[in-house]
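Residues in the sequence shown are numbered consecutively from 976, following my numbering.
In what follows, a single structure is set out as structure tokens and then discussed.
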Amino acid sequence: MAKLADLLDYQLQNAQALSSLLESEKVAITSRVSNDIETLAKEKLVLISQLQQTDQRIASHDDVALITEDDSYKDKVNQIRSIVHDCKQSNEVNGEALQRAQLSYNKLSNLMQQSRGKIGMTYTSGGRTSTVSTLGTDIKA
976 MAKLADLLDY QLQNAQALSS LLESEKVAIT SRVSNDIETL AKEKLVLISQ LQQTDQRIAS
1036 HDDVALITED DSYKDKVNQI RSIVHDCKQS NEVNGEALQR AQLSYNKLSN LMQQSRGKIG
1096 MTYTSGGRTS TVSTLGTDIK A
């Protein structure tokens, strides 16, 4: 079984890595780089999974009582909790930014579809399709 101190150090490293990743995700969202957003989301899931697994290992550790007794362990746990709390807030902010970006994309997509709707498709006397634009491009003065 791993030492409790090593598990706490690993947990702290993962929490710090998640915090850094969330900052990178915010930059990717604001610059609208979809490939980066997707890659970072996958990395985020891996880090969250590692945090959860390490939590379980710490909870089932033989020396888990030391977390509440030893001051150095208490400080480390408080530091981890603080970072994870900040990560939750950053993740919520990033989620809201993604929702706003998706809403903007949907509005733009709807506008594009509406402008395409101005072009109608009809059939010629021979049964072939023909597009007719109603945007006023055929006006002759």
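Every residue, glycine too, gets a C-beta built ideally from N, C-alpha and C.
CA-to-CA distance, Gln-991 to Tyr-1048, given in whole angstroms: Translated into the one-based positions of the sequence shown, residue 1048 becomes position 73. Translated into the one-based positions of the sequence shown, residue 991 becomes position 16. Answer to the nearest angstrom: the Cα atoms are 17 Å apart.
Tell me which residues share the same chain as Asp-1038 and place their Cβ nearer than 6 Å to its Cβ, disregarding the 5 neighbours each side in the sequence. Reading the sequence shown from its first residue, position 63 is the one you call residue 1038. If we look at Asp-1038 and ignore the five residues flanking it on each side, its Cβ neighbours are Leu-979.
Tell me which same chain residues have a C-beta within less than 6 Å of the C-beta of Gln-986, skipping the five on either side of it? Reading the sequence shown from its first residue, position 11 is the one you call residue 986. Thr-1029, Ile-1055, listed in sequence order.
Just the Cα atoms here: how many angstroms apart are Met-976 and His-1036? Numbered from its first residue, the sequence shown carries residue 976 at position 1. Numbered from its first residue, the sequence shown carries residue 1036 at position 61. The straight-line gap from Cα to Cα measures roughly 8 Å.
If the criterion is Cβ atoms closer than 7 Å, does the pair Glu-1000 and Asn-1053 meet it? Reading the sequence shown from its first residue, position 25 is the one you call residue 1000. Reading the sequence shown from its first residue, position 78 is the one you call residue 1053. No.
Uninterrupted beta strand (DSSP E) stretches inside the segment 1033-1101 (no shorter than 3 residues): 1094-1098
Spatial neighbours of Arg-1007 within its chain, please: C-beta separation below 8 Å, excluding the five flanking residues on both sides. Numbered from its first residue, the sequence shown carries residue 1007 at position 32. Hits under 8 Å: Ala-1076.
Would Ala-1072 pass as a contact of Ile-1012 if the rule is Cβ separation under 7 Å? On the sequence shown, position 97 is the one that residue 1072 refers to. On the sequence shown, position 37 is the one that residue 1012 refers to. Result no, Cβ atoms of Ala-1072 and Ile-1012 do not sit closer than 7 Å.
Verify the CB distance criterion: does Leu-983 have a CB-CB separation below 7 Å to chain C? Reference to chain C is not applicable here, since this structure consists of a single protein chain.
Start-to-end residues for the alpha helix (DSSP H) that takes in Val-1008: Locating residue 1008 in the sequence shown gives position 33, where the first residue counts as 1. Per DSSP, Val-1008 belongs to no alpha helix (DSSP H) and is neither H nor E.
To which residues of the same chain is Leu-997 closer than 7 Å at the C-beta, ignoring the five residues directly before and after it? Taking the sequence shown and counting its residues from 1, the one referred to as residue 997 is at position 22. Contacts found: Cys-1062, Ser-1065, Asn-1066, Asn-1069.
Going by other Cβ atoms of all chains shown within 10 Å of its Cβ, with 16 needed for buried, is Lys-1017 buried or exposed? The sequence position of residue 1017 within the sequence shown is 42, counting from 1. Lys-1017 comes out exposed.
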